[in-house]
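Residue 6 in my numbering sits at position 7 of the sequence shown, and the numbers go up by one each step.
We put the CB at the ideal spot given by N, CA and C, even for glycine.
Down below is the structure, laid out as structure tokens.
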Amino acid sequence: MKTIKELLASHGIELVVMELEKRGYYFDELKLMVVNQNQSEEKQKQVILHELYHALNHSDFNALYTNPVFHSKMENEANTSMINYLIQENDGQFNYTSVLEEFNLGLGWECHLK
Numbered sequence: 000m001k002t003i004k005e006l007l008a009s010h011g012i013e014l015v016v017m018e019l020e021k022r023g024y025y026f027d028e029l030k031l032m033v034v035n036q037n038q039s040e041e042k043q044k045q046v047i048l049h050e051l052y053h054a055l056n057h058s059d060f061n062a063l064y065t066n067p068v069f070h071s072k073m074e075n076e077a078n079t080s081m082i083n084y085l086i087q088e089n090d091g092q093f094n095y096t097s098v099l100e101e102f103n104l105g106l107g108w109e110c111h112l113k
């Protein structure tokens, strides 16, 4: 399994950690990811994984992001990918309840964790 730094490097994405109002952004045209420095390292990692999914899978759909239905779908996909990476990183060992609480997810997300 590649590390986050290896994943970013293999796709030519530059990471900048700085003070921001939001958790993070990805600028497709610049291949630049910006993450808020005022978050824990674990939260920064989650944001990087979330934004990386957008970078690799949604860059051709930026125009659809303003549509609430597509926006929600893309956010759910990015969250699912981030959670799956973190579970794999932990050798598949996790507690359903802990994951749901950690990421502030409702019970509807349980099917994504199996």
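Check                                                                                                                                            : Outcome
Spatial neighbours of residue 46 within its chain, please: C-beta separation below 6 Å, excluding the five flanking residues on both sides.      : 22, 23, 34
Given residue 74, which residues of its chain have a CB within under 6 Å of its CB, disregarding the five upstream and five downstream residues? : none
Would residue 84 and residue 54 qualify as a contact pair, given that the criterion is a beta-carbon distance under 7 Å?                         : no
Going by Cα to Cα distance, which pick from 2, 29, 18 is closest to residue 12?                                                                  : 29
Distance check for residue 87 and residue 32, CA to CA, integer angstroms please.                                                                : 23 Å
Output the boundary residues of the beta strand (DSSP E) element that contains residue 17.                                                       : 13-17
Once the 5 residues before and after residue 18 are set aside, which same chain residues still bring their CB inside 8 Å of it?                  : 35, 36, 37
What alpha helix (DSSP H) runs, 4 residues minimum, are completely inside the stretch 29-66?                                                     : 40-56
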